[in-house]
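Numbering (the working numbering), first residue to last: 39 to 535. Note that CB positions come from ideal geometry on N, CA and C, so glycine has one too. Report on one structure; see the data block that follows.
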């Protein structure tokens with residue numbers, strides 16, 4: 039209980055509250071700009087948080103994370119262009135509602151769906167995280183190795199349409215992870231005479247390049263770089279069409295519940311992501327709706343379910359990260375950089391070492407939703423201005439911020455070159471439809487895998503039999519093999535079809 043009150047005191051500090059509010063509003067605004075969502079905003083913001091105290095830094099980034107996912111629904115509804123991939127399913131019914139003169143109603147439904155989904159997922163996170171962390175303390179090196187192998191397998195298998203491309207990306211990430219000095223022997227590995235690489239490849243420059251710079255290059259190809267199409271002006275709608283009644287909200291309760299549940303489950307499984315959660319949530323809502331024929335024509339359930347699902351996925355993806363240090367998505371992997379910079383290593387010992395800070399994060403995860411609700415309702419009439427931002431100016435600003443932010447980390451031009459190189463790598467990967475998430479998650483997990491595997495082999499005297507002697511490790515490895523076999527079978531069936 040002492041840690042709870044200590045966490046409340048950390049959360050109530052005005053620096054933390056201001057950081058949370060600014061991060062949430064920034065996330066909503068940027069999330070509403072197609073192509074520049076939280077996947078680009080968080081890498082740019084990471085260097086800014088290094089000078090902050092841990093709690094304000096984490097709440098700032100979490101505000102961007104949660105707000106950015108909701109922000110993607112704004113343009114999905116107003117101009118049929120999702121601000122983030124997670125909002126694709128929202129266009130199916132959100133835009134038809136807007137065309138009927140009910141954009142305000144659709145935006146409010148998306149807002150309430152996002153808030154409900156995230157509140158449900160945050161509650162699940164709080165109820166389970168510390169209990170699972172205590173349970174995971176019973177895991178030895180063999181069990182941790184097996185869990186990481188399973189996580190990497192899941193990420194590779196579900197990150198894209200091609201298992202081979204996912205494996206290629208993860209393998210590349212694993213190779214990048216071992217560049218630098220061996221932590222045990224002190225031997226340089228794969229530096230090829232480049233001395234700055236002795237300390238390894240910087241996580242933040244890599245993230246900035248893979249997600250921010252590569253996105254700039256892709257969007258720069260989309261000519262002309264002008265304003266988006268005309269957005270619907272909510273001020274011209276009637277008060278009745280803008281209003282979301284309690285009865286309408288109540289009728290979407292089933293869609294909200296299913297979307298929230300799907301989002302939590304999908305978030306816990308590494309590699310699936312918010313876009314998968316939204317699509318599954320939409321599909322379930324349509325299947326169990328009393329009016330499935332209304333879907334695609336402007337159904338409020340069709341807006342509520344995907345928004346509840348994609349926002350529930352954000353907090354759900356934090357669960358394996360906090361408990362085992364395994365990020366559930368690429369966005370959570372980016373947040374991992376902030377945890378590590380501030381000395382908060384995710385995993386079973388996180389609550390023992392930083393319990394007060396984690397409770398402050400919990401309070402923040404709840405509070406972010408009320409900031410989002412207040413801003414969404416209060417500024418909804420101004421949303422149509424967001425989609426009119428000139429994209430050429432926006433891309434130039436993002437690039438300058440990326441370069442300045444990367445250089446500011448350690449005042450190193452090497453980091454800037456690393457960012458630019460990974461920008462080109464990310465651009466090529468995305469042009470070839472190779473997923474970038476397996477690369478980043480493998481880069482983060484492989485050092486943990488190497489450490490756990492070495493520990494297991496030291497305990498067993500170099501024998502792999504230790505994995506057969508631990509029932510939990512055996513079960514996890516069998517699940518890994520079964521999942522791989524299933525994916526390969528599905529792939530062969532698809533090819534024959």
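Next item on the list: Measure from the alpha carbon of residue 42 to the alpha carbon of each residue in 482, 491, 389 and 448, then state which is nearest.
Entry: Locating residue 42 in the chain shown gives position 4, counting from the first residue. Nearest option by C-alpha distance: 389.
Check: Taking the alpha-carbon positions, what's the residue 45 to residue 394 distance?
Finding: Walking along the chain shown from the start, residue 45 turns up at place 7. Walking along the chain shown from the start, residue 394 turns up at place 356. Cα-Cα distance, rounded: 4 angstroms.
Next item on the list: Could you have a look at residue 328 and say whether DSSP puts it in helix, strand or coil?
Entry: Taking the chain shown and counting its residues from 1, one reaches residue 328 at position 290. DSSP places residue 328 in coil when its eight states are reduced to three.
Item checked: alpha helix (DSSP H) segments (min. 4 residues) lying fully within the segment 329 to 359 -> 338 to 354
Notebook entry, point to check: Going by beta carbon distance, what residues of the same chain come within less than 8 angstroms of residue 439, once the five residues before and after it are set aside?
Noted result: Numbered from its first residue, the chain shown carries residue 439 at position 401. Here the set comprises 82.
Checklist line | Inter-stretch contact at 8 angstroms, needing at least 3 Cβ pairs: the segment 179 to 198 / the segment 511 to 531 | finding: Yes: at least three Cβ pairs fall under 8 angstroms.
Note to self: Quick check: is any heavy atom of the ligand NAP less than 7 angstroms from the C-beta of residue 443?
What the structure shows: Among the components modelled here there is no ligand, and therefore nothing to report on the ligand NAP.
Next item on the list: Could you tell me the distance, in whole angstroms, from the CA atom of residue 526 to the CA atom of residue 206?
Entry: Translated into the one-based positions of the chain shown, residue 526 becomes position 488. Translated into the one-based positions of the chain shown, residue 206 becomes position 168. Rounded to whole angstroms, residue 526 to residue 206 spans 16 angstroms at the Cα level.
Note to self: If you follow the alpha helix (DSSP H) that residue 380 is in, where does it begin and where does it stop?
What the structure shows: Here residue 380 is taken as the residue at index 342 of the chain shown, counted from 1. It is not in any alpha helix (DSSP H) - residue 380 carries neither H nor E in the DSSP assignment.
Next item on the list: For residue 219, write down the residues that DSSP places opposite it in a beta bridge.
Entry: Here the question's residue 219 lines up with position 181 in the chain shown. The partner list for residue 219 (beta bridge, DSSP) reads 226.
Item checked: Coil, strand or helix - residue 140 by DSSP -> In the chain shown, residue 140 corresponds to position 102, counting from 1. Residue state, collapsed to three classes: coil.
Next item on the list: Report the option in 444, 500 and 449 whose CA atom is closest to the CA atom of residue 247.
Entry: For the purposes of this step, residue 247 is identified with residue 209 of the chain shown, where counting begins at 1. Residue 444 is the option with its Cα nearest to residue 247.
Next item on the list: Just mark residue 435 as buried or exposed, buried being the case when its beta carbon has 16 or more other beta carbons within 10 Å.
Entry: Position 397 of the chain shown holds residue 435. Residue 435 should be labelled exposed.
Note to self: Could you tell me which whole alpha helix (DSSP H) segments of length 4 or greater appear in the segment 76 to 132?
What the structure shows: 76 to 87 and 92 to 116
Next item on the list: Write down every uninterrupted run of the alpha helix (DSSP H) in the segment 415 to 485 whose length is 4 residues or greater and which is fully enclosed by it, in chain order.
Entry: For secondary structure counted as the alpha helix (DSSP H) over 4 or more consecutive residues, the segment 415 to 485 holds these complete runs in sequence order: 421 to 424, 429 to 448 and 451 to 469.
Notebook entry, point to check: Using DSSP with H/G/I as helix, E/B as strand and the rest coil, what is residue 208?
Noted result: Taking the chain shown and counting its residues from 1, one reaches residue 208 at position 170. Residue state, collapsed to three classes: helix.
Notebook entry, point to check: Can you give the Cα-Cα distance for residue 68 and residue 229, rounded to whole angstroms?
Noted result: Looking up residue 68 in the chain shown gives position 30. Looking up residue 229 in the chain shown gives position 191. One C-alpha to the other measures close to 37 angstroms.
Notebook entry, point to check: Nearest to residue 478 by alpha carbon, out of 332, 416 and 375?
Noted result: Counting from 1 along the chain shown, the entry for residue 478 is found at position 440. Closest option to residue 478, Cα to Cα, is 375.
Next item on the list: Leaving out five residues on either side along the sequence, give the residues of the same chain with a beta carbon under 6 angstroms from the beta carbon of residue 421.
Entry: Position 383 of the chain shown, counting from 1, holds the residue named residue 421. Closer than 6 angstroms at Cβ, skipping near neighbours: 112.
Check: According to the Cβ coordinates, are residue 236 and residue 209 closer than 8 angstroms?
Finding: Indexing the chain shown from 1 puts residue 236 at position 198. Indexing the chain shown from 1 puts residue 209 at position 171. Against a cut-off of 8 angstroms, the Cβ pair of residue 209 and residue 236 comes out as no contact.
Check: Does the segment 483 to 492 come within contact of the segment 160 to 169, defined as at least 3 CB pairs closer than 8 angstroms?
Finding: Under the Cβ criterion (8 angstroms, minimum of three pairs), the segment 483 to 492 does not count as touching the segment 160 to 169.
Check: Given a threshold of 16 other Cβ atoms within 10 Å of its Cβ, counted over all protein chains shown, does residue 391 qualify as buried or as exposed?
Finding: As a first step, residue 391 is located in the chain shown; it is residue number 353 there, counting from the start. Classification of residue 391: exposed, given that the 10 Å Cβ count is below 16.
Next item on the list: May I ask which residues mark the beginning and end of the alpha helix (DSSP H) holding residue 249?
Entry: Taking the first residue of the chain shown as 1, we reach residue 249 at position 211. No alpha helix (DSSP H) contains residue 249, which DSSP labels as neither H nor E.
Next item on the list: Express the C-alpha separation of residue 428 and residue 264 in angstroms, rounding to a whole number.
Entry: Taking the chain shown and counting its residues from 1, one reaches residue 264 at position 226. Taking the chain shown and counting its residues from 1, one reaches residue 428 at position 390. For residue 264, the predicted structure reports a pLDDT of 43, less than 50, and the residue's modelled location is therefore unreliable. A value from the coordinates is still provided. Their backbone Cα atoms lie some 5 angstroms apart in a straight line.
Note to self: For residue 78, count the other beta carbons within 10 Å of its own beta carbon; 16 or more makes it buried, fewer makes it exposed. Which is it?
What the structure shows: For this step, residue 78 is matched to residue 40 along the chain shown. Buried: at least 16 other Cβ atoms inside 10 Å.
Next item on the list: Alpha carbon to alpha carbon, how far is residue 409 from residue 338? Give it in angstroms, no decimals.
Entry: Taking the chain shown and counting its residues from 1, one reaches residue 338 at position 300. Taking the chain shown and counting its residues from 1, one reaches residue 409 at position 371. Using only the alpha carbons, I get a separation of about 23 angstroms.
Item checked: Exposure of residue 283, with buried meaning 16 or more beta-carbon neighbours within 10 Å -> Walking along the chain shown from the start, residue 283 turns up at place 245. Exposed is the call here.
Check: What did DSSP end up calling residue 266 once you bin it into helix, strand or coil?
Finding: To locate residue 266, count along the chain shown from 1; it is residue 228. The predicted position of residue 266 is uncertain, since its pLDDT is 47 and thus under 50; a value taken from the coordinates is nonetheless stated next. Of the three classes helix, strand and coil, the one that applies to residue 266 here is coil, per DSSP.
Margin query: Less than 8 angstroms between the C-beta atoms of residue 305 and residue 354, yes or no?
Written below: As a first step, residue 305 is located in the chain shown; it is residue number 267 there, counting from the start. As a first step, residue 354 is located in the chain shown; it is residue number 316 there, counting from the start. Contact: yes.
Margin query: If you reduce the DSSP assignment to three classes, tell me which class residue 51 lands in.
Written below: Position 13 of the chain shown, counted from the first residue, corresponds to residue 51. Three-state result, residue 51: coil.
Notebook entry, point to check: Leaving out five residues before and five after residue 342 in sequence, what residues of the same chain have Cβ atoms less than 6 angstroms from its Cβ?
Noted result: Translated into the one-based positions of the chain shown, residue 342 becomes position 304. Taken in chain order, the residues that qualify are 147, 151, 290, 293 and 294.
Notebook entry, point to check: Thinking C-beta only, is residue 364 closer than 8 angstroms to residue 189?
Noted result: Here residue 189 refers to the residue found at position 151 of the chain shown. Here residue 364 refers to the residue found at position 326 of the chain shown. Cβ distance < 8 angstroms, so residue 189 and residue 364 count as in contact.
Next item on the list: Compare the Cα-Cα distances from residue 80 to each of 94, 90, 93 and 101 and report the closest residue.
Entry: For this step, residue 80 is matched to residue 42 along the chain shown. Answer by Cα proximity: 101.
Check: On the three-pair Cβ rule with 8 angstroms, is the segment 105 to 119 touching the segment 127 to 140?
Finding: yes
Notebook entry, point to check: Three-state secondary structure (DSSP) at residue 191?
Noted result: Here residue 191 is taken as the residue at index 153 of the chain shown, counted from 1. DSSP places residue 191 in helix when its eight states are reduced to three.
Next item on the list: Name the two residues that bound the continuous alpha helix (DSSP H) containing residue 302.
Entry: In the chain shown, counting from the first residue as 1, residue 302 sits at position 264. From DSSP, the alpha helix (DSSP H) with residue 302 extends over 291 to 306.
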